[in-house]
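The structure appears below as structure tokens.
Residue numbers (mature numbering (1 follows the signal peptide of the UniProt record, and there is no 0)): -26 to -1, 1 to 467.
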């Protein structure tokens, strides 16, 4: 061997070893798609004392990482038991549905639910849910009328070697881990044979919901089966006896009483209620229109060709009634009531133009107002500034200067200032204060003396006046006084 060959072999051997290791790891990961996720979750789970996120009570038996290692769920065993019971009661028998994590809302495999169940009641509830899901594959034997479940039983083998391609096994593993939906999975595995997929379902898929979903999708492509009790041949889709080769399942169904959901193709029978129905898959549709369209889609091409002429004539008649006839009637009526029609049109036109004129006038007024404001901008700003100052001045006077708190504060500051002056500057103001006191006392004495002198002068003047009054004047004054008193006495009576 040459040096170049040895060099090439030294470069290729590490790459081959890496590829073999990756192939082995991929085969191991595909061999148990559900177990890998469950083991990771179980590794992250632990039993400790914590607060349940549902009931908010401390518990010694809580489950962590319910749907995966990164799941933030912290749920006690009691809440898990009640959650599974509610899921069982709300799940109709025969309808496929997943049981999601109550915190993350991510689907969780049923093997994981069995592993976190701390009681036999919890495990029993999980088994009942699996039985309800498996009922979606129940069929009624056309021979003995016994119910048969045609879902392949679980014969899980971790080391089972199938003949599927690597990309198909990888897609199936993602489907089992709830990473792909059945509609995303089917284009990758539809090239595989029916027997290969059945073997994979039996030996590789543990989860009942995943097995039933994959089996039901296979039955849509290969619906012909035999019952397990009498080996009677029937169609899984339309549940009719024998295998109707060459005839679609829709053509053999009783279309008058039964229909199919456009989303999941499950057979439905409508009872009472409104015309709008909801399937178990949460898809809603109009029953009458959906049923009518379904019947028409199942009609043969020859029947549609015979009905074409009737539909064309009906279409022409409908167009004539809705377009041509309406215009003719309007033309005749306009000719008959032309004068009234013209008057009404003129009135409506006037109202329309008046409304438009009002709108234009309002726009003009707004524009003129803006122009006026723009032309008198400086005086307007001066007025605004003056009004703003007046407003703040009024607020200062009404809210500050006339408030009791302001007066109390001023009084306190005055008292404090006076006390401060009296305590700090008493020696400097004692002389002026004494002089002020003396001056105030002298003024007080002077005012009192003036008042006394006025009283003495008034009294002396009265004495001098009475000294000059004669006896006749005094008698007249007494008579006037008595008459005045008599008048006042009569008034009091």
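Note that the Cβ used here is the ideal one computed from N, Cα and C, for glycine as well. If you're wondering where the values come from, they're calculated on a predicted model, not measured in any experiment.
| Query | Result |
| --- | --- |
| For the alpha helix (DSSP H) that residue 100 lies in, which residues bound it at each end? | 94 to 108 |
| Among the candidates 282, 155, 450, 40, whose CA atom is the shortest distance from the CA of residue 78? | 40 |
| Let's test the definition: count the other Cβ atoms within 10 Å of the Cβ of residue 75 and tell me whether it reaches 16, buried, or not, exposed. | buried |
| Is the beta carbon of residue 189 closer than 8 Å to that of residue 175? | yes |
| Does the separation of the CB atoms of residue 73 and residue 48 fall below 8 Å? | no |
| What is the rounded straight-line gap between the Cα of residue 290 and the Cα of residue 168? | 51 Å |
| Ends of the alpha helix (DSSP H) at residue 52? | 51 to 64 |
| Give the range of the alpha helix (DSSP H) segment to which residue 342 is assigned. | 312 to 349 |
| Is it the case that the region 78 to 92 contacts the region 48 to 59, given that we only count it when at least three CB pairs across the two stretches are under 8 Å? | yes |
| Between which two residues does the beta strand (DSSP E) carrying residue 200 extend? | 198 to 200 |
| Just to confirm the assignment, what range does the beta strand (DSSP E) spanning residue 122 have? | 121 to 123 |
| Can you name the start and end residues of the alpha helix (DSSP H) that residue 152 belongs to? | No alpha helix (DSSP H) contains residue 152, which DSSP labels as neither H nor E. |
| Going by C-alpha distance, which of 251, 115, 183 is nearest residue 539? | The requested residue 539 does not occur in the structure, where the chain is confined to residues -26 to 467. |
| What would DSSP say about residue 209, mapped onto helix, strand or coil? | strand |
| Can you tell me the Cβ-Cβ gap for residue 193 and residue 211, rounded? I've got them flagged as a contact below 8 Å. | 7 Å |
| According to DSSP, which residues form a beta bridge with residue 48? | 38 |
| Leaving out the 5 sequence neighbours to the left and right, which residues in its chain are closer than 8 Å to residue 171 when beta-carbon positions are compared? | 163, 188, 192 |
| Suppose you measure from the CA of residue 121 to the CA of residue 110; what does that come to, to the nearest Å? | 12 Å |
| Between the C-alpha atoms of residue 249 and residue 260, what's the straight-line distance to the nearest angstrom? | 6 Å |
| Should residue 348 go down as buried or exposed, given a rule of 16 or more other Cβ atoms within 10 Å for buried? | exposed |
| Just the C-alpha distance for residue 383 and residue 344, rounded to the nearest angstrom, thanks. | 48 Å |
| Report the CB separation of residue 113 from residue 222 in whole angstroms; it is logged as a contact under 8 Å. | With a Cβ gap of about 19 Å, residue 113 and residue 222 do not count as contacting. |
| If you draw a straight line from the C-alpha of residue 118 to the C-alpha of residue 186, how long is it? | 24 Å |
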